[in-house]
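Read the structure below first, then the notes.
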Amino acid sequence: MTADVQKETLGFQTEAKQLLHLMIHSLYSNKEIFLRELISNASDAIDKLRFAALSEASLLEGQGDYQIQVDVDKDAKTITITDNGIGMNRDEVVEHLGTIAKSGTAAFMESLTGDQQKDSQLIGQFGVGFYSAFIVADRVEVHTRKAGEAPDQGVLWESHGEAEFSVEPREKSDPGTSITLFLKDGCEEFADDFRVRSVIKKYSDHISVPVVMLKPATPPVEGEEDDKPEEAPAYEAVNEATALWTRSRTEISEEEYTEFYKHVSHDFDEPLTWSHNKVEGKLDYTSLLYIPRRAPFDLWNRDMARGLKLYVQRTFIMDEAEQFLPLYLRFVKGVVDSNDLPLNVSREILQQDASVDSMRSALTKRVLDMLAKLAKQHGDDYAGFWKEFGQVLKEGPAEDFANKEKIAKLLRFATTHTDSEEQDQSLEDYVARMQEGQEKIYYVVAENFNTAKSSPHLEVFRKKGIEVLLLSDRVDDWLMSHLQDFDGKAFQDVARGQLDLDSESEEEKQQKEQLEKESEALVERLGKVLEDRVSEVRVTTRLTESPACLVVGDYDMGAQMRRIMEAAGQPVPESKPILEVNPEHPLLTMLDQEPDEDRFADLAAIIFDQANLAEGGQLQDPAAYVAKLNKLLLQLSGS
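Going by UniProt numbering, the letters in the sequence shown line up with residues 1 to 639, in that order.
Written out as structure tokens, the structure reads:
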């Protein structure tokens, strides 16, 4: 069968086609990043071969040192990036170069707005890799062969970056990948030797593999003979070619740290902060950890690829080694290089290795210390971090009991102190403002900020000037179930159980007892007509303006957690709320004097439903509520 017959033309996956179009237009102002992306991919391919060859030396096929070769041709207007890494077979070429195999891709594409500046940031977080070639090229050829396969198993991939690409067999003597870009008009600068060298130095100096280019030609010396035999072209390394994390911190510039972050994270943005640390002693390892500036598009997919790049004695072992950090720190990027682990380490071994547990503990504390330092020294940056990653950090107290206090200091909340939706108040701020004699940290959980801010449960707290945390993130109810205290102060949900205010005077307690005694008959009547809907009716002093509110029992599931579980189709334990009433409210005074039992029952149901709505709850029978309310309005109007 001839090569022409075996040539096949295929269509790009829909998302790949969309991303290509958006990327070419959104990132064109920063064209040179294509070279960083392609060199980064080549470095990853070499790392993968180096690791695979540890257990299968024949994959090396006798080739020499690893390197990435960059060639430019000014006349042909081409630039070629060649690596001697792992390479690809036909199926891998189609999979990696024709599709975007990332979970949540469709949702990501829908999030793009058409605003080139905003979309470029999103695309940068998504990671574009190989497709960045089409920013500067109107045609791209990829010639590749997977290490360990025969030379005649080579593959040639070609595309103009539009609707389709072609794949055909093409013999390749050496394993690895060669990518040739046929540059667009206006992009000829990337066929210029000096320009390309400067880009490599700028973006790829930290790559541990030599990136080589042809040495500049030396002009002939006058008088020398012209008939000397032609020598093979000589290449020289353009980059530093030393793993950045192995160098001393004093030798590394901020620009180098930033570019290395972009290499390991495939993020276009700069990192928020980083920590480079070498540990010697019982354990011997180096870590370089980064906090991103923006959340990746798939942050909320708990099955997303995550973790640090793992090296053992400078040898790449694996991407996304998730064993070194807990799940709530899944946004952290970077590398860890151990001198203690074996070179043949697997994910299974990592899960059982005691030294990994020790490293995980130390690295987790280092990240938390980085964040604490950021919060203390760069408040605005930390506020930006919190907006991006705060809800993920709130998963911490449930997952990491040992560091619960450290995590608690990093949490930020909205409170009644500012009544602002901004989550910018720390628990330390709250404790510093606590009233004399106050022993509890009060909070309310609601479906959204406005519901929390307007909760009737806050009425007595506003009257007494006691600050309350306003919680409205989906994770908050779960968070507070694991965060029992802070700085010796217990947390108290103002909508759960009996209200026990530290500041309540003896006189107030006596007044409440008197009110309860005077309202016994009303409470009993309400309990009878609402017995199917409430577990108890009782008098409250937590209300100053509202007639009633719903309270969760001490050991019952909170309303927010109940709604989340119901929405997810999870079984929810049965429980009824407690109805607390304010007998001094005019509606309750009127209700107490109502002789007609049917009318009393309708009014009681309306008051219950209104209390439910004030909590952000859903009515079980909205039509019945409307009918009762309309009936009452007609009666009041005399119709």
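Where a beta carbon is used, it is the ideal one built from N, C-alpha and C, also for glycine. Keep in mind it's a predicted model, so treat the numbers as computed, not measured.
query, result
"Straight-line Cα distance separating Leu543 from Pro447", "It is worth fixing the name first, because residue 447 is Glu in this sequence and not Pro. So the alpha carbons of these two residues sit roughly 20 angstroms apart."
"Contact set for Ala623: own chain, Cβ-Cβ below 8 angstroms, skip 5 residues either direction", "none"
"Contact set for Leu49: own chain, Cβ-Cβ below 7 angstroms, skip 5 residues either direction", "Leu59, Gly85, Ile86, Ala147"
"Beta-carbon spacing of residue 640, Tyr290 below 9 angstroms", "Here the chain covers residues 1 to 639 and nothing more, so residue 640 does not appear."
"Continuous alpha helix (DSSP H) assignments of at least 4 residues falling wholly in the region 417-484", "427-433, 449-453, 459-464, 476-482"
"Where the alpha helix (DSSP H) through Asn630 begins and ends", "622-637"
"Buried versus exposed, by CB contacts within 10 Å (16 or more), Lys463", "exposed"
"C-beta atoms of Ser455 and Ala614 nearer than 9 angstroms", "yes"
"Inter-residue CB distance, Val572 and Arg562 (contact presumed, cutoff 8 angstroms)", "5 angstroms"
"Cβ shell of Glu428 (< 7 angstroms), same chain only, five flanking positions each side left out", "Lys409"
"Secondary structure of Asp532, DSSP reduced to three states", "coil"
"Test item: CB-CB of Ile81 and Gln67 under 9 angstroms", "no"
"Contact check, Val142 vs Leu183, beta carbons under 9 angstroms", "no"
"Chain-order list of residues whose beta-carbon lies under 7 angstroms from that of Glu422 (same chain, five-residue window excluded)", "Ala414"
"Span of the alpha helix (DSSP H) around Thr589", "586-592"
"Burial state of Val157 (16 or more Cβ within 10 Å)", "In the sequence as presented, Val is not what sits at residue 157; that position holds Trp. With 16 or more Cβ atoms within 10 Å of its Cβ, Trp157 is classed as buried."
"Distance between Asp400 and Tyr235 (C-alpha atoms, nearest Å)", "51 angstroms"
"For Asp47 and Leu54, the rounded distance between their alpha carbons", "11 angstroms"
"Candidates Asp269, Arg525, Glu32, of which the one nearest Glu597 by Cα", "Arg525"
"Cβ shell of residue 641 (< 8 angstroms), same chain only, five flanking positions each side left out", "Shown here, the chain extends from 1 to 639; a query on residue 641 therefore has no answer."
"Endpoints, alpha helix (DSSP H) assigned at Asn612", "597-614"
"From Glu506, Asp73, Ala362, Asn30, residue whose alpha carbon lies closest to that of Val279", "Ala362"
"Neighbour-count burial assignment, Asp621, 16 or more Cβ in a 10 Å radius", "exposed"
"Endpoints, beta strand (DSSP E) assigned at Leu308", "308-312"
"For Met88 and Lys17, the rounded distance between their alpha carbons", "22 angstroms"
"Length of the line joining the Cα atoms of Lys373 and Gly11", "50 angstroms"
"Boundaries of the beta strand (DSSP E) in which Ala237 is found, first to last residue", "235-237"
"Pairwise C-alpha distance: Val468 and Leu368", "26 angstroms"
"Per-residue DSSP class, three states only, for Gln6", "helix"
"Ordered list of beta strand (DSSP E) runs contained in the region 493-560, each at least 3 residues", "536-539, 548-551"
"Reduced DSSP category for Glu168 - H, G, I as helix; E, B as strand; rest coil", "strand"
"Spatially closest choice to Arg306 from Ser287, Phe331, Arg293, by CA coordinates", "Phe331"
"Inter-residue Cα distance where the pair is Phe316 and Gly129", "20 angstroms"
"Burial state of Arg412 (16 or more Cβ within 10 Å)", "buried"
"CB contact flag (Ala611, Val529, <9 angstroms)", "no"
"Local conformation of Leu244 per DSSP, three classes", "helix"
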